[in-house]
Amino acid sequence: MRYPGATWIPSPNFGYPRGTHGQLKARIDSVDKSGEFWHSQAGRQSVTIGMFQNPATEVSAHFLVPKVGKPVQMVDSNDPAWHAGGFIANVYYHGFEFEGGPLSNPSELLTPSQIAWGVKITHWLRKVHGTPTRYIRRDTLWEHNEVKNTACPSGRIPWTKVIVALGEEEDMPLNTADKTWIKNTILAQTNAALVNTDKAIAAIQRSLRGGDLPGIYVRAKGQKTVYFVEFIGGVLVRHHVQNPATYIAIGGAGTGVIEVSVAQVNKMVLGPPLPNLKV
Numbered sequence: 001m002r003y004p005g006a007t008w009i010p011s012p013n014f015g016y017p018r019g020t021h022g023q024l025k026a027r028i029d030s031v032d033k034s035g036e037f038w039h040s041q042a043g044r045q046s047v048t049i050g051m052f053q054n055p056a057t058e059v060s061a062h063f064l065v066p067k068v069g070k071p072v073q074m075v076d077s078n079d080p081a082w083h084a085g086g087f088i089a090n091v092y093y094h095g096f097e098f099e100g101g102p103l104s105n106p107s108e109l110l111t112p113s114q115i116a117w118g119v120k121i122t123h124w125l126r127k128v129h130g131t132p133t134r135y136i137r138r139d140t141l142w143e144h145n146e147v148k149n150t151a152c153p154s155g156r157i158p159w160t161k162v163i164v165a166l167g168e169e170e171d172m173p174l175n176t177a178d179k180t181w182i183k184n185t186i187l188a189q190t191n192a193a194l195v196n197t198d199k200a201i202a203a204i205q206r207s208l209r210g211g212d213l214p215g216i217y218v219r220a221k222g223q224k225t226v227y228f229v230e231f232i233g234g235v236l237v238r239h240h241v242q243n244p245a246t247y248i249a250i251g252g253a254g255t256g257v258i259e260v261s262v263a264q265v266n267k268m269v270l271g272p273p274l275p276n277l278k279v
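Residue 90 in UniProt numbering sits at position 90 of the sequence shown, and the numbers go up by one each step.
See the structure below:
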């Protein structure tokens with residue numbers, strides 16, 4: 001669906017495989033929850049529009065919000081944009097890009113106009129997709145840096161103002177000690193979930209180092225099926241991969257496929273299969 005208050009400038013970068021419609025709506029309907037990632041464009045909106053219209057960049061977002069003026073919509077709200085760096089986040093959440101935050105001032109706060117448009121679009125998304133009006137940080141409202149190794153949005157989002165405007169109180173902000181504890185806890189839980197592997201934990205950590213598809217590739221001992229595994233919301237989620245060699249080649253997983261026990265595979269939540277990528 002298209003937001004009536006936005007200018008429509010379509011991007012070719014959406015869906016799995018590219019151009020597939022309706023996947024985001026289907027995921028939202030299945031869990032009865034929608035949410036958004038708030039990103040920083042780190043520059044002028046005209047440049048970002050050009051990037052998102054270029055198939056070679058393989059990036060996009062649903063909405064681009066300038067410092068002043070009406071927003072631009074580049075991906076239909078029913079379709080997954082390529083904004084959060086991972087399949088799971090893209091097929092469950094909408095993506096907003098806010099103009100500003102140049103290299104000379106990366107932490108430039110959103111303007112009042114940007115906050116107002118972000119709130120309006122969020123309300124509209126909840127209404128048209130029929131999902132609960134829950135506005136909770138790290139549940140339905142996310143920053144890019146909370147799922148991927150990036151600075152985005154560089155402290156630009158005044159979440160207290162945003163969430164008050166959305167109609168809910170914000171949870172307590174995280175300090176540096178909290179963030180460090182959470183990262184260490186996630187790492188420890190990931191390690192504990194894979195204690196029966198034949199590879200050293202260091203190898204697993206290297207394979208989680210990043211890329212467009214941050215995660216690891218595993219198979220159960222004695223079985224041929226390969227899964228791509230992500231750590232999402234405290235849960236290991238596995239996705240069947242039909243052609244793992246292609247994904248591994250482009251996704252930055254340096255150690256290939258890791259063998260784990262059948263019991264460990266069964267403890268991972270089974271998510272949707274990855275598209276049959278052919279390049």
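For glycine and all other residues, C-beta sits at the position ideal for the given N, C-alpha and C.
Original post:
In three-state DSSP terms, what is Gly43?
Top reply: To locate residue 43, count along the sequence shown from 1; it is residue 43. Correct three-state label for Gly43: strand.
**OP:** Using alpha carbons as the reference points, say which of Ala6, Glu146, His240 lies closest to Lys70.
**Re:** What you label residue 70 is simply residue 70 of the sequence shown in a count that begins at 1. Measuring from the Cα of Lys70, the nearest candidate turns out to be Ala6.
Original post:
In this structure, does DSSP put Leu166 in helix, strand or coil?
Top reply: Numbered from its first residue, the sequence shown carries residue 166 at position 166. Here Leu166 sits in helix by DSSP.
Original post:
If you drop the 5 nearest sequence neighbours on each side, which residues of the same chain put their C-beta closer than 7 Å to that of Thr150?
Top reply: The residue given as residue 150 occupies position 150 in the sequence shown. These residues qualify, in order along the chain: His144.
Original post:
Using 8 Å as the threshold, is the region 30-49 in touch with the region 121-134, meaning 3 or more CB pairs across them?
Top reply: yes
Original post:
Mind checking Ser107: buried by the 16 CB within 10 Å criterion, or exposed?
Top reply: On the sequence shown, residue 107 is found 107 positions in, with the first residue counted as 1. With fewer than 16 Cβ atoms within 10 Å of its Cβ, Ser107 is classed as exposed.
Original post:
Which residues bound the beta strand (DSSP E) around Arg137?
Top reply: As a first step, residue 137 must be located in the sequence shown, where it is residue number 137. Segment: none, Arg137 is in no beta strand (DSSP E) and carries neither H nor E.
Subject >> Separation of Leu110 from Lys161, as counted between CA atoms >> reply: One-based indexing of the sequence shown puts residue 161 at position 161. One-based indexing of the sequence shown puts residue 110 at position 110. Spanning the two alpha carbons is a distance of roughly 11 Å.
**OP:** Quick one: using the 10 Å Cβ neighbour count with 16 as the cut-off for buried, is Trp82 buried or exposed?
**Re:** Sequence index remark: in the sequence shown, residue 82 carries index 82 (1-based). Its Cβ being crowded by 16 or more others within 10 Å, Trp82 is buried.
**OP:** Determine the closest residue to Ala2 out of His94, Ala245, Glu259, Leu270, with distance taken between C-alpha atoms.
**Re:** Residue 2 sits at position 2 when you count from the first residue of the sequence shown. The amino acid at residue 2 is misidentified as Ala; the sequence shows Arg. Nearest option by C-alpha distance: His94.
**OP:** Buried or exposed for Ile9, please, with buried defined as at least 16 other CB atoms from any protein chain shown within 10 angstroms of its CB.
**Re:** Taking the sequence shown and counting its residues from 1, one reaches residue 9 at position 9. Its Cβ having fewer than 16 others within 10 Å, Ile9 is exposed.
Original post:
What are the boundary residues of the alpha helix (DSSP H) that includes Gly95?
Top reply: To locate residue 95, count along the sequence shown from 1; it is residue 95. Run containing Gly95: none in the alpha helix (DSSP H); it sits in the beta strand (DSSP E), 94-98.
**OP:** Under 8 Å by Cβ, that's how I've got Trp142 and Phe14 pegged, so tell me the actual separation to the nearest angstrom.
**Re:** Indexing the sequence shown from 1 puts residue 142 at position 142. Indexing the sequence shown from 1 puts residue 14 at position 14. With a Cβ gap of about 19 Å, Trp142 and Phe14 do not count as contacting.
Subject >> Closest residue to Leu24 among Val68, Ser11, Ala42, Ile88 (Cα-Cα distance) >> reply: Position 24 of the sequence shown, counting from 1, holds the residue named residue 24. Nearest option by C-alpha distance: Ile88.
**OP:** Note the first and the last residue of the continuous alpha helix (DSSP H) segment covering Ile115.
**Re:** Indexing the sequence shown from 1 puts residue 115 at position 115. Run containing Ile115: 112-128, per the alpha helix (DSSP H) assignment.
Original post:
With 16 other CB atoms within 10 Å as the buried threshold, where does His21 fall?
Top reply: If you number the sequence shown from 1, residue 21 lands on position 21. Exposed: under 16 other Cβ atoms inside 10 Å.
Original post:
Does the Cβ of Gly5 lie closer than 7 Å to at least one heavy atom of the ligand GTP?
Top reply: Questions concerning the ligand GTP fall outside what the structure shown contains, since it holds no ligand whatsoever.
Original post:
Between which two residues does the alpha helix (DSSP H) carrying Leu24 extend?
Top reply: Against the sequence shown, residue 24 aligns to sequence position 24. Note, Leu24: alpha helix (DSSP H), 23-31.
**OP:** Between the Cα of Ala42 and those of Ile28, Gln53, Leu64, Asn54, spot the shortest distance and give me the residue it belongs to.
**Re:** By one-based count along the sequence shown, residue 42 stands at place 42. Ala42 has its Cα closest to that of Leu64, out of Ile28, Gln53, Leu64, Asn54.
**OP:** Closer than 7 Å by C-beta to Leu166: which residues in its own chain qualify, once you throw out the five before and the five after it? Chain order, please.
**Re:** On the sequence shown, residue 166 is found 166 positions in, with the first residue counted as 1. Result list for Leu166: Val119, Thr122, Tyr135, in chain order.
**OP:** Express the C-alpha separation of Val257 and Phe52 in angstroms, rounding to a whole number.
**Re:** In the sequence shown, residue 52 corresponds to position 52, counting from 1. In the sequence shown, residue 257 corresponds to position 257, counting from 1. Spanning the two alpha carbons is a distance of roughly 32 Å.
Original post:
According to DSSP, which residues form a beta bridge with Glu259?
Top reply: Here residue 259 refers to the residue found at position 259 of the sequence shown. Answer is Arg219.
Subject >> Identity of the residues DSSP links to Val72 by a beta bridge >> reply: Position 72 of the sequence shown, counted from the first residue, corresponds to residue 72. Looking at the DSSP assignment, Val72 forms a beta bridge with Thr7, Leu64.
Original post:
Grouping DSSP H, G and I as helix and E and B as strand, with all else coil, what is Ala89?
Top reply: Start at 1 with the first residue of the sequence shown, and residue 89 comes out as number 89. In this structure, Ala89 counts as helix in the three-state DSSP scheme.
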